[in-house]
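For the protein sequence lines, the chains are A and B, in the order given.
Numbering-wise, the first sequence is residues 6 to 375 according to the working numbering.
Numbering-wise, the second sequence is residues 3 to 149 according to the working numbering.
Here is the structure we will look at, set down as structure tokens.
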Amino acid sequence: MRESTIKEHNRFFLNMGPQHPSTHGVLLVVLEMNGEYVLDPQPVLGFVHRMHEKIGESRPCQGFMPNTARMDYVCALPYNHGYVSLIEKKAGIEVPKRAEYIRVITSELNRVASHLLWLGAYLLDLGAFTPILYGFDDREHILDILEDITGSRLTYCYYRFGGVCRDIDDKFVEATRAFIKRLRKRYVIYEKLVTKNIIFIKRAENIGIISPDMAIRYGITGPNLRGSGIAYDIRKNEPYSVYPEFDFEVPVGERGDCLDRYMVRVREMEQSLRIIEQALDNLPDGPVRSKVPKKIKLTPGDCNFAVEAARGELSYYLIGDGTGVPYRLKIRVPSYSNLSCLQELGRGILLPDLVSIMGSFDLVIPEIDR
Amino acid sequence: MKRYFLDLFIGGKSLVDGLVVTTKALFQPIVTVQYPREEIDITPNFRGHIDLVLDPEKNTFRCIACGMCQRSCPSECIQIEGKKVEGKKKKTLGLFALDFTKCSLCGTCVEVCPTQALEFSKEYNLADFSKEAFHYDILKRLEERII
């Protein structure tokens, strides 16, 4: 009896966020704690809600393009890609082959950049400061390459309906090849610095195990799902763009813990580099933009398009009503579903482990709230 | 017991390996730039806020005040007014205002322009205390360049 009152006495609530460094943005997690143990973590969303879906329904579809990059600022190009492909599918716009290749190359570069940032940020959550400096050093090269052709560093608006807005040149091809060579050399450094580090392994191994069953139940996608051993990748399972032409693997984990999610992302970077290499080798000539009517009419009926963003399945759902403005635009973002399993996963674990789990999810809060 | 010491050895070695990496980096060239004192050259393709193109032949702007950019802008941040000039049939540009606080740098205005009168500026050191500081008078900026 006495013991239970002491236990009751030790219960308290802890607000993690909305301005906590390891929530990667303005996410609030209300933690019901017992000492150092988490009894019930409850994510509270909506701090950076900017009505992106409603904005998409209030203006012609060209006008929504810049917004797509602002949902997930770390990996913006796949968001561009999903939206342009959706409208192209809906309006029946043909895209030149060269443009599709350029889209794949830049999207994959962006994915590598996102994973590098995540690698640094995750280790930062775990208390290691050094890896983020190495990660940012490499990521900076990608940002420079992308800045040179897209004109911006983070919130790209590079793709256009029917192609891309600027052709790539020899300088871009050379710089990308040099970067691929460089990153492959850097893997050795990452392996020594992070992957084999005993402190990191102790913080990530067997922590936050998501079983395949649970992953499917929550609709988890992307590297988090593949970490649980399910080889599901939109690029392979529902191929879009020119992805079927490339030879790449879908890395999967075994246990579904934080370490597996880490390993999947690291191996995915290598696969992205392989895709980029193949695309650069087989880059076709030709125009990068096809003729598109000035006012795009969206035919009545619904349309769906899914792409693989760095965090998982990104799906756009659109209902047209014959005008140029979408009647309804629904965006299914990966981080939202990935975060939803936190409550089940976080019950009865230590607080530092919860930070490790949230870090391994690779959450981007503006994407969740949109 | 043997396993315990093996783990200890492997774990200890992994930490030393990490330190070797960082120690090597200590003797490698510096990758960062001391920003306010030195700056990196910006790429010519950088997309800053828009500017009017200075036509080298006519020594003035190419804009015909058609208002295509104003209409195509998704954020409605461009304001154009034409004015009547005596002796000319068509209207000429009287005001070209850009509210940069709303602009999302999509580049639609530059693309739709029928006379290629717009370009991206290369300015990126933008910080100020008031919103009004980002309400640019693009025409005035061009006139300053003519002189």
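Beta carbons are placed, not taken as given, at the ideal position from N, Cα and C, and that holds for glycine.
Note that this is a predicted model, so its numbers are computed, not measured.
- Per the C-alpha coordinates, the member of A:H86, A:Y78 and A:F69 positioned closest to C75 of chain B is A:F69.
- For N85 of chain A, the closest Cβ of chain B is not nearer than 7 angstroms.
- Annotated as proximal: E259 of chain A and G234 of chain A, with beta-carbon spacing under 7 angstroms.
- Apart from the 5 residues on each side of it in sequence, Q276 of chain A sits with its Cβ closer than 8 angstroms to the Cβ of F253, E254, V255 and P256 in its chain, given in chain order.
- As summarised for the stretch 321-374 of chain A, the continuous beta strand (DSSP E) elements at least 3 residues long and confined to that stretch are 333-337, given in chain order.
- Contact of M76 of chain A with chain B is not assigned, every C-beta pair being separated by 7 angstroms or more.
- Residues of the same chain with a CB within less than 6 angstroms of the CB of A96 of chain A, apart from the 5 flanking positions on each side, are I301 in chain order.
- Excluding five sequence positions before and after D265 of chain A, the CB atoms of its chain that fall closer than 7 angstroms to its own CB belong to G232, G258 and E259, given in chain order.
- Counting the other Cβ atoms within 10 Å of the Cβ of H146 of chain A gives 16 or more, which makes it buried.
- Three or more Cβ pairs closer than 8 angstroms define a contact, and the stretch 342-356 of chain A falls short of that threshold against the stretch 17-37 of chain B.
- For E152 of chain A, the chain B residues whose C-beta falls within less than 8 angstroms of its own C-beta are T45, N47 and F48, listed in chain order.
- Around the CB of L122 of chain A, 16 or more other CB atoms lie within 10 Å, so the residue is classed as buried.
- Using a Cβ-Cβ cut-off of 7 angstroms, D19 of chain B is close to K197 and K201 of chain A, given in chain order.
- Interface residue (Cβ-Cβ distance to chain B less than 7 angstroms): P71 of chain A is classified as such.
- Fewer than three pairs of CB atoms, one per stretch, sit closer than 8 angstroms, so the stretch 103-114 of chain B makes no contact with the stretch 55-67 of chain B.
- Each of A:V369, A:Q67 and A:L356 was checked against the Cα of L131 of chain A, and the nearest Cα belongs to A:L356.
- Annotation: G140 of chain A has no Cβ neighbours in chain B at a cutoff of 8 angstroms; minimum Cβ distance is about 12 angstroms.
- Burial of I92 of chain A is indicated by the presence of at least 16 other C-beta atoms within 10 angstroms of its C-beta.
- The Cβ-Cβ distance between L97 of chain B and E78 of chain B does not fall below 7 angstroms.
- Within chain A, no C-beta atom comes less than 7 angstroms from the C-beta of F29 of chain B; the nearest is roughly 14 angstroms away.
- Burial state of N20 of chain A is exposed, judged by a 10 Å Cβ sphere holding fewer than 16 other Cβ atoms.
- The C-beta separation of S342 of chain A from G224 of chain A comes to about 4 angstroms, placing the pair in contact by the 8 angstroms criterion.
- Scanning its chain for C-beta atoms nearer than 6 angstroms, with the 5 sequence neighbours on each side dropped, one finds around D307 of chain A the residues I324, in chain order.
- Sequence-distant Cβ neighbours of G329 of chain A in its own chain, meaning closer than 8 angstroms and more than five residues away, are P65, C66, K300, I301, K302 and L303.
- By the C-beta density criterion, D174 of chain A is exposed, having fewer than 16 other C-beta atoms within 10 angstroms.
- The stretch 267-281 of chain A makes no contact with the stretch 27-43 of chain A; the number of CB pairs closer than 8 angstroms stays below 3.
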